[in-house]
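Asker:
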Amino acid sequence: MITTFPTLFGEHYGFNAGEVGLTYIAQGVGCLIGQVAVGRFADWYIKRQQARNGTTTPEDRLPPAIVGYVVLAIGMLWFGWSAQVHAHFMVPIVGSGVVGLGLVGGFLVVQVYIVDTFTIYAASALAANNLIRSIVAAVLPLSGPAMYERLGYGWGDTILGFTALALAPTPLLLMKYGERIRTRWPVEL
561 MITTFPTLFG EHYGFNAGEV GLTYIAQGVG CLIGQVAVGR FADWYIKRQQ ARNGTTTPED
621 RLPPAIVGYV VLAIGMLWFG WSAQVHAHFM VPIVGSGVVG LGLVGGFLVV QVYIVDTFTI
681 YAASALAANN LIRSIVAAVL PLSGPAMYER LGYGWGDTIL GFTALALAPT PLLLMKYGER
741 IRTRWPVEL
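The sequence shown begins at 561 in our numbering and counts up one residue at a time.
1) Using CA atoms only, rank isn't needed, just tell me which of Phe601, Ala698, Ser694 is closest to Pro623.
2) Give me the residue from Asn613, Phe667, Phe639, Tyr573 with the minimum Cα distance to Thr730.
3) Starting from Ser656, follow the alpha helix (DSSP H) in both directions and report where the run begins and ends.
4) Can you tell me the Cα-Cα spacing of Val658 and Gln587, whole angstroms?
5) So, do the region 632-642 and the region 595-611 have three or more beta carbon pairs nearer to each other than 8 Å?
6) Quick one, are the C-beta atoms of Gly655 and Gly594 less than 8 Å apart?
7) With respect to the alpha helix (DSSP H) encompassing Ile634, which residues constitute its N-terminal and C-terminal limits?
8) For Val598, name the three-state secondary structure that DSSP assigns.
9) Using only the alpha-carbon positions, how far apart do Met735 and Ala728 sit?
10) Going by other Cβ atoms of all chains shown within 10 Å of its Cβ, with 16 needed for buried, is Val747 buried or exposed?
11) Taking only the alpha-carbon atoms, compute the straight-line gap between Ala683 and Val675 and give it to the nearest angstrom.
12) Short of 8 Å in beta carbon distance, which residues of its chain neighbour Leu568, apart from the five on each side in sequence? Order them along the chain.
13) When the Cα atoms are used, what is the spatial distance from Tyr708 to Ala685?
14) Does the beta-carbon of Thr615 have 16 or more other beta-carbons within 10 angstroms, so that it is buried, or is it exposed?
15) Classify Leu691 as buried or exposed, calling it buried when 16 or more other Cβ atoms lie within 10 Å of its own Cβ.
As structure tokens, then:
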């Protein structure tokens with residue numbers, strides 16, 4: 561999505577380079593809101609689980625991630641289709657803020673889950689996660705311009721939004737099988 565900002569806002573909306581740069585602020589604001597909102601919600605949720613069950617497991621951290629993935633998908637659809645129909649420039653900008661909120665919603669919860677799951681090996685697990693995430697982040701944007709050129713903003717972001725929705729069941733699978741996986745294949749270094 562970010563690969564479309566210069567073309568979308570520069571060519572279609574007539575923004576200069578400085579104005580295009582300002583459009584990235586919305587996603588940053590969405591990330592900041594997500595950091596605060598998701599952090600507080602996740603803390604409230606885990607405290608509720610602790611009070612209800614007397615104890616918690618790492619999987620108890622995961623339900624807020626489902627919300628994050630859904631919000632991410634909504635933001636992608638919002639951004640893509642508002643850009644496709646050339647709605648007022650603020651509509652896709654706000655959509656990119658919703659994308660930032662959803663990204664942090666999924667990311668933050670998964671990071672905490674990794675820490676809770678791998679305890680004393682958390683730094684290594686986070687490093688491995690960051691390596692994979694960085695490789696994907698370096699390679700995936702290379703396909704962005706070609707995808708958007710062929711499919712347009714609406715369908716291109718629909719594919720990305722549905723990919724986010726496809727990730728939404730992952731926390732459910734980990735909630736069901738995570739403890740069993742940890743027991744069967746413990747981390748031993």
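Ideal placement from N, C-alpha and C gives every residue a C-beta, glycine not left out.
Answerer: In short:
1) Phe601
2) Phe667
3) 650-678
4) 7 Å
5) no
6) no
7) 623-644
8) helix
9) 12 Å
10) exposed
11) 8 Å
12) Ala643, Pro652, Tyr713
13) 34 Å
14) exposed
15) exposed
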